[in-house]
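Under our numbering, read the sequence shown as residues 239 to 487, first letter to last. Built from N, CA and C at the ideal position, the CB exists for glycine as well. Keep in mind the model is a prediction, meaning the values are calculated, not measured.
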Amino acid sequence: MNRTAESASVHQKIMVQAVFFDFYETLCFHRHSLEENLERIAERYGVEVNWERCDAALKNLFTSTSAPAPTTDHSLLESLVAVMSRECEFIREVGIEKHVEQIAWELLQSGHYLFAANSATLYEDVVPTLQRFRDAGFKLAIVSNWDTPLDPLTERLGIAEYFDAIVASHDARVRSEKPDPHIFNYALAAVGVSAEEAVHVGDTYAADIVGAQGVGIRPILLDRANTQTGRWQETIQSLAELPEMLIPH
């Protein structure tokens with residue numbers, strides 16, 4: 239019996255007690271794109287955006303927005319300053335020279351999770367799925383590569399109460415990023431289950447599937463856009479499929 243088949247056999251014998259979820263593009267997504275927000279703000283300030291430069295500027299912005307390794311002593315305050323600095327540089331790269339700091343601040347306010355209460359939107363399948371698992375007595379956790387503590391955002395979204403643990407990679411109490419084993423082991427300890435009793439659901443193969451499998455957690459790939467066909471044997475397109483897979487009948 240190969241390792242994958244052996245692992246699947248073990249999971250079938252041990253009842254699942256806990257479900258872990260990735261956060262971004264598993265539970266929530268951006269309400270508006272950065273380009274939509276920028277267009278609206280630029281019109282308000284009466285400035286022109288050089289849209290021909292936008293793709294390259296966005297690439298630079300997203301490349302530089304990777305958070306420092308969670309094991310470093312990079313403070314939250316330093317992260318906030320770095321976010322604002324990168325946003326200003328992006329504004330200049332798309333040809334805006336006036337009111338750069340104000341426009342950057344408004345862009346953050348309209349679309350960055352740290353500042354914008356309305357920037358995150360739950361997928362429609364999230365709350366019904368979480369409620370079904372809660373009603374069935376499952377323990378639930380978020381395990382996310384995220385550069386700030388996630389509790390305030392989940393509270394704004396109205397889902398914090400569903401989770402026994404909310405684990406963010408750059409939280410000073412965690413300091414570990416998927417697929418590193420420690421972040422998963424931290425979550426297991428926080429909810430009080432063994433790896434064999436847990437399932438992890440996420441949309442990123444390298445972080446979610448490889449990471450969970452590495453510590454013995456059963457991974458399920460969420461492929462909402464149907465772009466990862468055949469990549470993993472247990473794949474779903476909606477969280478609504480999960481209860482039928484995991485809750486005993």
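Local conformation of residue i per DSSP, three classes
i              : result
tyrosine 262   : strand
leucine 388    : coil
valine 257     : strand
alanine 406    : strand
arginine 269   : coil
valine 332     : coil
isoleucine 279 : helix
valine 287     : coil
Distance, residue j Cα to residue i Cα
i                 : j                 : result
serine 414        : valine 285        : 42 Å
glutamine 475     : leucine 360       : 15 Å
leucine 189       : arginine 411      : Since the first residue shown for the chain is 239 and the last is 487, residue 189 is missing from the structure and cannot be characterised.
glutamine 255     : glutamate 327     : 47 Å
alanine 374       : isoleucine 485    : 7 Å
asparagine 298    : histidine 487     : 50 Å
aspartate 385     : leucine 345       : 19 Å
arginine 291      : glutamate 273     : 12 Å
serine 304        : threonine 467     : The pLDDT assigned to serine 304 is 47, lower than 50, so where the model puts this residue is not dependable; a value taken from the coordinates is nonetheless given after this. Those two C-alpha atoms are separated by around 27 Å.
leucine 460       : threonine 473     : 6 Å
asparagine 275    : tyrosine 262      : 19 Å
aspartate 260     : phenylalanine 401 : 12 Å
glycine 452       : tryptophan 470    : 15 Å
phenylalanine 258 : leucine 378       : 6 Å
proline 387       : alanine 320       : 17 Å
arginine 269      : phenylalanine 422 : 29 Å
glycine 449       : alanine 433       : 12 Å
alanine 342       : arginine 330      : 10 Å
serine 357        : leucine 391       : 10 Å
isoleucine 371    : glutamine 340     : This sequence places phenylalanine at residue 371; isoleucine is not what is there. Cα to Cα, the separation comes out at about 44 Å.
Cβ-based burial, residue i [other Cβ within 10 Å; buried from 16]
i                 : result
alanine 427       : exposed
tryptophan 289    : exposed
proline 417       : buried
serine 382        : buried
phenylalanine 300 : exposed
leucine 368       : buried
aspartate 293     : exposed
alanine 209       : The question about residue 209 has no answer here: the residues shown for the chain are numbered 239 through 487.
glutamate 325     : buried
serine 271        : exposed
isoleucine 447    : buried
serine 348        : buried
threonine 465     : exposed
- Message: Does the segment 327-336 come into contact with the segment 273-286, if we say contact requires no fewer than three beta-carbon pairs (one atom in each stretch) closer than 8 Å?
- Response: yes
- Message: Closer than 8 Å is the cut-off here; do at least three beta carbon pairs connect the segment 392-408 with the segment 444-459?
- Response: no
- Complete runs of the beta strand (DSSP E) confined to the segment 339-378 [at least 3 residues]: 358-360
- Message: Using 8 Å as the cut-off, can you tell me whether the segment 392-403 makes contact with the segment 434-442, which would need three or more C-beta pairs spanning the two stretches below that distance?
- Response: no
- Whole beta strand (DSSP E) elements within the segment 392-478, 3-residue minimum: 403-406, 436-440 and 456-460
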